[in-house]
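Here's the structure, in structure tokens; my notes come after.
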Amino acid sequence: MTEETKFHHGDPSGNDKPIIEMKNIEKHFGRVIALAGVSFDVKSGECHCLLGDNGAGKSTFIKTMSGVHKPTAGEIFFEGKPLHFEDPRDAISAGIATVHQHLAMIPLMSVSRNFFMGNEPEKKIAGITFFDKKYADEVTMEEMRKMGINLRGPDQAVGTLSGGERQTVAIARAVHFGAKILILDEPTSALGVRQTSNVLATIDRVRKQGIGVVFISHNVRHALAVGDRFTVLNRGQTLGTAKRGEISPEELQDLMAGGQELAQLEGSLGGTV
Amino acid sequence: MTNATQPTAKPDERVKEISAFRQAMIRPELGGIVGTIAVFTFFLLFAFDSGMFNSQGVMNWSVVSAQFMIIAVGACLLMIAGEFDLSVGSMIGFAGMMIAIFAVTYGWPVWVAIIVTFVLCTAIGALNGWIVVRTGLPSFIVTLAFLFILRGFTIFLPQVIERKTIIGGISDVAEGDWLAAIFGGKILGGVFNWLGDAGIIATFERGNRMGEPVVDGIPMLIVWAIVLIIFGHVLLTKTKFGNWIFASGGDAEAARNSGVPVNRVKILMFMFTAFCATVFAVCQVMEFGSAGADRGLLKEFEAIIAVVIGGALLTGGYGSVLGAALGALIFGVVQQGLFFAGVESSLFRVFLGVILLGAVILNTYIRRIITGER
Numbered sequence: 001m002t003e004e005t006k007f008h009h010g011d012p013s014g015n016d017k018p019i020i021e022m023k024n025i026e027k028h029f030g031r032v033i034a035l036a037g038v039s040f041d042v043k044s045g046e047c048h049c050l051l052g053d054n055g056a057g058k059s060t061f062i063k064t065m066s067g068v069h070k071p072t073a074g075e076i077f078f079e080g081k082p083l084h085f086e087d088p089r090d091a092i093s094a095g096i097a098t099v100h101q102h103l104a105m106i107p108l109m110s111v112s113r114n115f116f117m118g119n120e121p122e123k124k125i126a127g128i129t130f131f132d133k134k135y136a137d138e139v140t141m142e143e144m145r146k147m148g149i150n151l152r153g154p155d156q157a158v159g160t161l162s163g164g165e166r167q168t169v170a171i172a173r174a175v176h177f178g179a180k181i182l183i184l185d186e187p188t189s190a191l192g193v194r195q196t197s198n199v200l201a202t203i204d205r206v207r208k209q210g211i212g213v214v215f216i217s218h219n220v221r222h223a224l225a226v227g228d229r230f231t232v233l234n235r236g237q238t239l240g241t242a243k244r245g246e247i248s249p250e251e252l253q254d255l256m257a258g259g260q261e262l263a264q265l266e267g268s269l270g271g272t273v
Numbered sequence: 001m002t003n004a005t006q007p008t009a010k011p012d013e014r015v016k017e018i019s020a021f022r023q024a025m026i027r028p029e030l031g032g033i034v035g036t037i038a039v040f041t042f043f044l045l046f047a048f049d050s051g052m053f054n055s056q057g058v059m060n061w062s063v064v065s066a067q068f069m070i071i072a073v074g075a076c077l078l079m080i081a082g083e084f085d086l087s088v089g090s091m092i093g094f095a096g097m098m099i100a101i102f103a104v105t106y107g108w109p110v111w112v113a114i115i116v117t118f119v120l121c122t123a124i125g126a127l128n129g130w131i132v133v134r135t136g137l138p139s140f141i142v143t144l145a146f147l148f149i150l151r152g153f154t155i156f157l158p159q160v161i162e163r164k165t166i167i168g169g170i171s172d173v174a175e176g177d178w179l180a181a182i183f184g185g186k187i188l189g190g191v192f193n194w195l196g197d198a199g200i201i202a203t204f205e206r207g208n209r210m211g212e213p214v215v216d217g218i219p220m221l222i223v224w225a226i227v228l229i230i231f232g233h234v235l236l237t238k239t240k241f242g243n244w245i246f247a248s249g250g251d252a253e254a255a256r257n258s259g260v261p262v263n264r265v266k267i268l269m270f271m272f273t274a275f276c277a278t279v280f281a282v283c284q285v286m287e288f289g290s291a292g293a294d295r296g297l298l299k300e301f302e303a304i305i306a307v308v309i310g311g312a313l314l315t316g317g318y319g320s321v322l323g324a325a326l327g328a329l330i331f332g333v334v335q336q337g338l339f340f341a342g343v344e345s346s347l348f349r350v351f352l353g354v355i356l357l358g359a360v361i362l363n364t365y366i367r368r369i370i371t372g373e374r
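Respectively, the protein sequence lines represent chains A and B. Each residue of the first sequence is one higher than the last, beginning at 1 in full-length UniProt numbering. Each residue of the second sequence is one higher than the last, beginning at 1 in full-length UniProt numbering.
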């Protein structure tokens, strides 16, 4: 569990204005208070990790950020201006792209159809608008090559790709469509070791292009491998934000679990959790 | 972690090269193509002399196949969008009955009756879709309810209004109506006359139509089938909306997250299915000159069977309109071919079952190759 990695770390200077700033966000679902005042911001070219155990409110929070949920209370500033998203399309067109935990891709559809899903290029033939498949195929192949994935062809179904490759396709898609903020919802949770490192490498590549990355995880090692800042969420509240190097993996782990119980568990398991 | 950062990727040594032939063969329609070839080979061998392949015979099974095709196109797009419509058969009966009531009982001009029926039926389709997307209930249940509701009205309304379950006399009121001709007329009569005169196709040998060809034109039913197939195929494979149909059926949640208006797509597909059922109904009413309360019985299953033979996945997200059209062709040829071949008609179901099973097994195998399912 070392903090040394081969990745370059983004160096967001203190004066940098955040691209998105969320202040005291609250979200209630009926009687359930999912978020009880969460503050969070992302700067250009950094990877801000949002950590928390299951049920901490991570998914609810990023859904609020990406326009799926409307906050019950709290303010969102995007590039300094207050912002209200009506639906996910607004967030996408503003430059907030989300790569979701489970399926960002449709396995039965081809890579190029998935790549342009919801953003299909069009061309007019005799006054009728058609899906520009040729352009879609070329762009898809090119973007996939850049990300280091060699496709058999643009018609290859996403179902034939590995989990890591699917995440990479989803990330490449978001970057291609001009994302300023890239939200990755547990991109590594279902992946093997090698696939995880591919995804982490992709995150690093994306960050270097000046995109702000929000990396949601409950795995401290994965977060520490690429993160610049770390915010821990527990029971719908933030437990503070730490910069890289200011916090140890053990402290992060403790914060996520709420301390107590895990300390006992760790003792009985010999410190391997 | 080291080779992942290389800008160019190496071909994966674990992915086998696929020959061009195999790649051309592996397509969703393959099951339908194989089935069509098998069925035609069978009937060419066993029923060639029966009249099945002269002009009248060809027209006979073409019309039956075209009927299946019209409803299969709608069912296919809806199934790819991830939903079912079990009310298609009842919708056919209902639409036909509404036209008869409007045109015969109320005496409206036939074109008004047809347009009002189209509006009414697509609105019912929209209601079906709206209930499905709003409640999140399986479309199986919602449209099953409409199967009974619509059939009930189809029996109830004519009994209350006319005190019978069949309303006739539509041929008389439809005489000379411009819109009725688009559904009940025939085209290319001149070509068939010429073919008859040239002795290429059979002509009547006696009676008051002596010298006229036995087949005097292509019914508009077949034209509608071809137009709908081309429309469905182009919409599905060549447009943005087609991509949305696949996405909505493949994974509604992922599609929504990518900004696809899934609910709108699904409701529109329910409306299109209702539209296709109404086309079927209008053609049938114009052909028979009457509307019956029992019309369209079991058509929903026949449409679904044709679509599944054509390679579509029952759970949505995968399929082909051309495949569904081939499925409908197989259906029509088998149904009429067994009659020509002099086979006991009850064996039709045995045949159908065998073809359905064979095509679906083949399709599942092909789909797994294409999509990497396990």
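A virtual CB, placed ideally from N, CA and C, is assigned to each residue, including glycine. Nothing here was measured: the structure is a model prediction, and the numbers come from that model.
| query | result |
| --- | --- |
| How would you list, in chain order, the residues of chain B whose beta-carbon sits under 7 Å from the beta-carbon of R89/A? | G259 |
| At a Cβ threshold of 8 Å, is R207/A touching chain B? | no |
| Taking DSSP as the reference, what is the three-state secondary structure of I20/A? | strand |
| Could you work out which residues of chain A lie near F246/B, taking near to mean beta carbons separated by less than 8 Å? | I106, L108, M109 and R113 |
| How about V158/A and L182/A: do their beta carbons lie closer than 8 Å? | no |
| Please report the straight-line C-alpha distance between Y365/B and K299/B, rounded to a whole angstrom. | 27 Å |
| Does I92/A have its Cβ less than 8 Å from a Cβ in chain B? | yes |
| Just to make sure I have the definition right: I need the residues of chain A whose C-beta is within less than 8 Å of the C-beta of K238/B. Which are they? | F130, F131 and K133 |
| Taking only runs of the beta strand (DSSP E) that begin and end inside the region 190-248 of chain A, which ones reach a length of at least 3 residues, in chain order? | 212-217, 229-234 and 237-243 |
| For the pair the region 125-135 of chain B and the region 261-277 of chain B, tell me if three or more CB-CB distances fall below 8 Å. | yes |
| As a quick exercise: from S248/B, A303/B and S345/B, pick the residue whose alpha carbon is nearest that of A81/B. | S248/B |
| Under a three-way DSSP split, which group does L228/B fall into? | helix |
| Under DSSP, the alpha helix (DSSP H) around I170/B begins and ends at which residues? | I170 to A174 |
| Helix, strand or coil: how does DSSP classify E212/B here? | coil |
| At a Cβ threshold of 8 Å, is residue 375/B touching chain A? | Not covered by the structure: residue 375/B. The range shown for chain B is 1 to 374. |
| Determine the extent of the alpha helix (DSSP H) in which L184/A is found, giving its start and end residues. | Counting along the chain, L184/A falls outside any alpha helix (DSSP H), though it belongs to the beta strand (DSSP E) covering I181 to D185. |
| DSSP three-state call for H233/B: helix, strand or coil? | helix |
| Counting along the chain, where does the alpha helix (DSSP H) carrying V350/B start and finish? | L347 to T371 |
| Starting from L45/B and walking both ways along the alpha helix (DSSP H), at which residues does that stretch end? | L30 to F46 |
| Buried or exposed: where does L44/B fall if 16 or more other Cβ atoms within 10 Å of its Cβ makes it buried? | exposed |
| Buried or exposed, going by whether 16 or more other CB atoms sit within 10 Å of the CB of E46/A? | buried |
| For residue 385/B and H222/A, I'd like the C-alpha separation in whole angstroms. | In the structure as shown, chain B starts at 1 and stops at 374, and residue 385/B therefore has no counterpart that could be examined. |
| Could you tell me which uninterrupted alpha helix (DSSP H) segments, each at least 4 residues in length, are contained entirely in the region 258-300 of chain B, listed from first to last along the chain? | 262-288 |
| On the DSSP letters alone, give me the boundaries of the alpha helix (DSSP H) that K133/A sits inside. | K133 to K146 |
| Whose CA, out of I305/B, G316/B, T371/B and S290/B, lies closest to the CA of K164/B? | S290/B |
| Classify T41/B as buried or exposed, calling it buried when 16 or more other Cβ atoms lie within 10 Å of its own Cβ. | exposed |
| With DSSP run on the structure shown, which of helix, strand or coil describes E26/A? | strand |
| Kindly indicate if chain A contains any beta-carbon less than 8 Å away from that of T5/B. | Any reading at T5/B must be qualified, since the residue scores a pLDDT of 41, below 50, and its modelled position is unreliable; the value itself is stated next. Output row for T5/B: interface = yes. |
| M141/A and T168/A - do their beta-carbons sit closer together than 8 Å? | no |
| Count the other CB atoms, across all protein chains shown, that sit within 10 Å of the CB of K133/A; report buried if there are 16 or more and exposed otherwise. | buried |
| Which of helix, strand or coil does DSSP assign to D155/A? | coil |
| Quick test of your reading: V99/A and A174/A, contact by CB under 8 Å. State the CB separation rounded to the nearest angstrom. | 6 Å |
| Below 9 Å on C-beta distance, what does M141/A contact in chain B? | Correct list: empty, because the minimum Cβ distance to chain B is about 11 Å. |
| So is G118/A in contact with chain B if we call contact Cβ pairs under 8 Å? | yes |
| Taking buried to mean at least 16 other C-beta atoms within 10 Å of its own C-beta, is V244/B buried or exposed? | The sequence as given places Trp at residue 244/B; Val does not occur at that position. That one is buried. |
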